[in-house]
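> To start, I am sharing the structure in question, which I have written as structure tokens.
There are 2 protein chains.
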Amino acid sequence: MDQLNNSHVEPTKVVAVMSGGLDSTVMGYLLRSQGHELHALSFDYGQSHRKELTFAQATAADLGVPWDLVDLRASGLTRFLGGSALTDPDVAIPDGHYAHETMRITVVANRNAIMLAMACSVAASVGAGAVAFAAHSGDHPIYPDCRPEFVQAFQAMEHLAMEGTARLLILAPFAQFTKSVIVEVGHQLGVPFERTWSCYRGRDVHCGRCGTCYERREAFGLAGVTDPTVYASEFVTQAP
Amino acid sequence: MDQLNNSHVEPTKVVAVMSGGLDSTVMGYLLRSQGHELHALSFDYGQSHRKELTFAQATAADLGVPWDLVDLRASGLTRFLGGSALTDPDVAIPDGHYAHETMRITVVANRNAIMLAMACSVAASVGAGAVAFAAHSGDHPIYPDCRPEFVQAFQAMEHLAMEGTARLLILAPFAQFTKSVIVEVGHQLGVPFERTWSCYRGRDVHCGRCGTCYERREAFGLAGVTDPTVYASEFVTQAP
Chain A
1 MDQLNNSHVE PTKVVAVMSG GLDSTVMGYL LRSQGHELHA LSFDYGQSHR
51 KELTFAQATA ADLGVPWDLV DLRASGLTRF LGGSALTDPD VAIPDGHYAH
101 ETMRITVVAN RNAIMLAMAC SVAASVGAGA VAFAAHSGDH PIYPDCRPEF
151 VQAFQAMEHL AMEGTARLLI LAPFAQFTKS VIVEVGHQLG VPFERTWSCY
201 RGRDVHCGRC GTCYERREAF GLAGVTDPTV YASEFVTQAP
Chain B
241 MDQLNNSHVE PTKVVAVMSG GLDSTVMGYL LRSQGHELHA LSFDYGQSHR
291 KELTFAQATA ADLGVPWDLV DLRASGLTRF LGGSALTDPD VAIPDGHYAH
341 ETMRITVVAN RNAIMLAMAC SVAASVGAGA VAFAAHSGDH PIYPDCRPEF
391 VQAFQAMEHL AMEGTARLLI LAPFAQFTKS VIVEVGHQLG VPFERTWSCY
441 RGRDVHCGRC GTCYERREAF GLAGVTDPTV YASEFVTQAP
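Here the protein sequences come in this chain order: A and B. Position 22, counted from 1, in the first sequence is what this note's numbering calls 22; the numbers after and before it change by one each time, with no gaps. Basically this note's numbering = 1-based index in the second sequence + 240.
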């Protein structure tokens, strides 16, 4: 598990998968504070909240690092990523707590394996020593491809796939931590939280009711950090 | 290793990665002969010999199975897959035997991990129980992502990535066999070899000199099967 805790990783070039959300933005600032050189990478996989990508691009500019977008919309692949509320306009985005069973409809099957595999190719191309993504412990109940055992298996697979070319570390610095810890880390690092986007609905302001809005609000509350986010609706307390 | 030998696999729907080449075409006919239902899938990753894709499409039509193309050319990813003779017009495709050190320039780093991860998403979407690709033992010396240990690691990773969604088998029925065995199998199954394309140069006819042309000719010779391929140049015997 040590390899997932990147505090022991020597400074290197890191391809950071950045969605524009709170977690990956804080990760970018954290990696920079640890002395890594960043190359930001975002993916358009047909998510209805692609608005988040403009936030990823802005954060890369804030950090002064290169940003690349892999846009799969014209590839023909995205229709096979449907059936999820995040990619299929016919599937409604559910309200409520992130860890609820109802949130399973937001799973995009195999999304992280696809994104990380492409990120590894980018890493090999730009001479990076690691790929990082911002999975956290709150993701584990419903997203299997955010769990530490997935990260380890993915890294083992890549070491075989690119033997002789690159031996990349797969970093998931928040894999053992909750989102409230990420908010605390971001607060200490001075991350401009207002320059992050979480809401799955992708409208003018955060809806305040979908799973990721719920989780975002809750995390600021638990961390005791002022939440600068404008939400369209009141905070409704709802046990998981 | 048993799981790589799909003769023990119960008939299921299989997403077959088909390039239009000899190996994956024979694989398609083999899987069908074993009672599997096929869904053919091809990838345009910027290979200069994209001519092969029209052969994949024709073979899917011959087999009467669905065919889908994932076209990554507009995604922004392909520029990171450069540096290989297969994707970079500035890198010359070498002549000579496939197993030569000079053939390393034809490696597209991490290509199979990307293609298989996408194929797994397609499999989950169409309700398939397996993904198949046509790596063979002659690929092992220079392509790490064609080796049985990679296939096993990839399957283990996917079982974790899609836990609760799909538990896919990754089939590589030729992983232990040489290309001449594939020619023999194809001959017995009545595969129309003239409807396959191997040459990395992708011109009007097979060049006869690049690694995959060399290997194709050699395999027909070793198998004692008449080669219907038209080559632009004479067969030059060259020890590996």
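For glycine and all other residues, C-beta sits at the position ideal for the given N, C-alpha and C.
(1) Less than 7 Å between C-beta atoms, sequence neighbours within five positions excluded: which residues of the same chain meet that for B:G367?
(2) Run through the DSSP bridge pairs and tell me what A:Y231 is partnered with.
(3) Would you kindly check if the distance between the Cβ of A:A219 and the Cβ of A:S180 is under 8 Å?
(4) What are the complete alpha helix (DSSP H) segments, minimum 4 residues, inside the region 393 to 445 of chain B?
(5) Taking the continuous beta strand (DSSP E) assigned at B:E250, which residues delimit it?
(6) Within the continuous alpha helix (DSSP H) that includes B:D263, where are the two ends?
(7) Taking 8 Å as the cut-off, does the region 159 to 177 of chain A touch the region 388 to 404 of chain B (at least 3 CB pairs, one atom from each stretch)?
(8) Taking B:D311 as the query, report the chain A residues whose CB atoms sit under 8 Å from its CB, ordered along the chain.
(9) So that I know if they touch, is there some Cβ in chain B lying closer than 8 Å to that of A:P144?
(10) Leaving out the 5 sequence neighbours to the left and right, which residues in its chain are closer than 6 Å to B:P306 when beta-carbon positions are compared?
(11) In angstroms with no decimal places, state the Cα-to-Cα distance between A:L53 and A:R203.
(12) Could you give the DSSP three-state label for B:D284: helix, strand or coil?
(13) How about B:D335: is its C-beta nearer than 8 Å to some C-beta of chain A?
(14) Note down, in chain order, each residue of its chain lying with its Cβ closer than 6 Å to the Cβ of B:V255, except the 5 sequence neighbours on either side.
(15) Residues of the region 400 to 411 of chain B in Cβ contact with chain A at a cutoff of 9 Å, in chain order, please.
(16) Below 8 Å, how does it come out for the region 181 to 192 of chain A and the region 28 to 36 of chain A: are there three or more Cβ pairs, yes or no?
(17) Between the beta-carbon of B:F414 and the beta-carbon of B:H380, is there less than 8 Å?
(18) Below 8 Å on the Cβ atoms is my guess for A:L86 versus A:Y200; work out the distance and round it to an integer in Å.
(19) Can you tell me whether A:A74 is helix, strand or coil according to DSSP?
(20) Identify whether A:V14 lies in helix, strand or coil by the three-state DSSP scheme.
(21) Identify the contact partners of A:L81 in chain B, using a Cβ-Cβ distance below 7 Å as the criterion.
(22) A:S19 by DSSP, collapsed to three states: which one?
(23) Which residue from A:V91, A:I93, A:G20, A:H36 puts its Cα closest to that of A:T59?
(24) Could you tell me whether the Cβ of A:D204 comes closer than 8 Å to any Cβ of chain B?
(25) Would you tell me roughly how many angstroms separate the C-alpha atoms of A:D62 and A:T196, rounded to the nearest one?
(26) Once DSSP output is grouped into helix, strand and coil, what is the label at B:L326?
(27) Would you kindly work out how many angstroms separate the C-alpha atoms of B:R387 and A:A74, rounded to a whole number?
(28) How would you list, in chain order, the residues of chain B whose beta-carbon sits under 7 Å from the beta-carbon of A:M118?
(29) List the residues that DSSP assigns as beta-bridge partners of A:D68.
(30) Along the region 124 to 141 of chain A, what residues have a CB closer than 7 Å to any CB found in chain B?
(31) What separation, rounded to the nearest whole angstrom, lies between the Cα atoms of A:L222 and A:I182?
(32) For chain A, is any of its Cβ atoms less than 8 Å away from the one on B:F390?
(33) Does the Cβ of B:G286 have 16 or more other Cβ atoms within 10 Å, making it buried, or fewer, making it exposed?
(34) In the DSSP output, which residue or residues are listed as bridge partners for B:D335?
In short, the structure shows the following:
(1) As a first step, residue 367 of chain B is located in the second sequence; it is residue number 127 there, counting from the start. Answer for B:G367: K253, listed in chain order.
(2) Position 231 of the first sequence holds residue 231 of chain A. DSSP, once it has assigned bridges, lists A:H206 as partnering A:Y231.
(3) Locating residue 180 of chain A in the first sequence gives position 180, counting from the first residue. Locating residue 219 of chain A in the first sequence gives position 219, counting from the first residue. Yes.
(4) Complete alpha helix (DSSP H) runs here, min 4: 419 to 429.
(5) Taking the first residue of the second sequence as 1, we reach residue 250 of chain B at position 10. B:E250 -> no beta strand (DSSP E), and no H or E assigned at all.
(6) Here the question's residue 263 of chain B lines up with position 23 in the second sequence. First-last of the alpha helix (DSSP H) with B:D263: 262 to 273.
(7) In short, these stretches touch, since the Cβ pair count reaches three.
(8) Counted from its first residue, the second sequence places residue 311 of chain B at position 71. Within 8 Å Cβ-Cβ: A74, S75, G76.
(9) Along the first sequence, one-based indexing puts residue 144 of chain A at 144. At a cut-off of 8 Å between beta carbons, A:P144 contacts chain B.
(10) Position 66 of the second sequence, counted from the first residue, corresponds to residue 306 of chain B. Closer than 6 Å at the Cβ level, and outside the excluded window around B:P306, lie H279.
(11) The residue given as residue 53 of chain A occupies position 53 in the first sequence. The residue given as residue 203 of chain A occupies position 203 in the first sequence. Computed Cα separation, rounded: 13 Å.
(12) Counting from one through the second sequence, the residue named residue 284 of chain B turns up at place 44. Shown here, B:D284 sits in a strand according to DSSP, grouped into three states.
(13) For this step, residue 335 of chain B is matched to residue 95 along the second sequence. For B:D335, the answer is no, since every Cβ of chain A falls outside 8 Å of its Cβ.
(14) Mapped onto the second sequence, residue 255 of chain B falls at position 15. Excluding positions up to five away in sequence, the list reads H279, L281, A359, V362, A363, A368, V371.
(15) So the list reads L400, A401, M402, E403, G404, T405, A406, given in the order they occur along the chain.
(16) Contact holds: three or more Cβ-Cβ distances are below 8 Å.
(17) Numbered from its first residue, the second sequence carries residue 414 of chain B at position 174. Numbered from its first residue, the second sequence carries residue 380 of chain B at position 140. Going by C-beta atoms, B:F414 is not nearer than 8 Å to B:H380.
(18) As a working mapping, residue 86 of chain A is identified with position 86 in the first sequence. As a working mapping, residue 200 of chain A is identified with position 200 in the first sequence. Their Cβ separation, rounded to whole angstroms, is 6 Å, which keeps A:L86 and A:Y200 in contact under 8 Å.
(19) For the purposes of this step, residue 74 of chain A is taken as residue 74 along the first sequence, with counting starting at 1. Under the three-state reduction of DSSP, A:A74 is assigned to coil, being neither helix nor strand.
(20) As a position in the first sequence, residue 14 of chain A is number 14, starting the count at 1. Three-state DSSP puts A:V14 in a strand.
(21) What you label residue 81 of chain A is simply residue 81 of the first sequence in a count that begins at 1. Under the 7 Å cutoff, chain B gives S361.
(22) Mapped onto the first sequence, residue 19 of chain A falls at position 19. Note: A:S19 maps to coil in three-state DSSP.
(23) Stepping through the first sequence from its first residue, residue 59 of chain A is reached at position 59. Restricting attention to A:V91, A:I93, A:G20, A:H36, the CA atom closest to the CA of A:T59 is found in A:G20.
(24) Position 204 of the first sequence, counted from the first residue, corresponds to residue 204 of chain A. So, not an interface residue.
(25) Along the first sequence, read from residue 1 onward, the residue named residue 62 of chain A stands at position 62. Along the first sequence, read from residue 1 onward, the residue named residue 196 of chain A stands at position 196. Cα to Cα, A:D62 sits roughly 12 Å from A:T196.
(26) Position 86 of the second sequence, counted from the start, is the residue given in the question as residue 326 of chain B. Residue state, collapsed to three classes: coil.
(27) For this step, residue 387 of chain B is matched to residue 147 along the second sequence. For this step, residue 74 of chain A is matched to residue 74 along the first sequence. Taking the straight line from one Cα to the other gives about 31 Å.
(28) In the first sequence, counting from the first residue as 1, residue 118 of chain A sits at position 118. Ordered by position in chain B, the residues that pass the 7 Å Cβ test against A:M118 are L317, I354.
(29) Within the first sequence, residue 68 of chain A is the residue found at index 68, counting from 1. In the DSSP output, where bridge partners are listed per residue, A:D68 has A:L41.
(30) Those residues of the region 124 to 141 of chain A that come within reach of chain B (Cβ to Cβ, closer than 7 Å) are A124, S125.
(31) By one-based count along the first sequence, residue 222 of chain A stands at place 222. By one-based count along the first sequence, residue 182 of chain A stands at place 182. Separation of A:L222 and A:I182 (C-alpha to C-alpha, rounded to the nearest whole angstrom) is 11 Å.
(32) Residue 390 of chain B sits at position 150 when you count from the first residue of the second sequence. Chain A places a beta carbon closer than 8 Å to that of B:F390, counting this residue as a contact.
(33) The residue you call residue 286 of chain B lines up with position 46 of the second sequence. Counting Cβ neighbours within 10 Å, B:G286 comes out buried, since at least 16 surround it.
(34) By one-based count along the second sequence, residue 335 of chain B stands at place 95. For B:D335, which the question treats as bridged, DSSP gives the partners B:C450.
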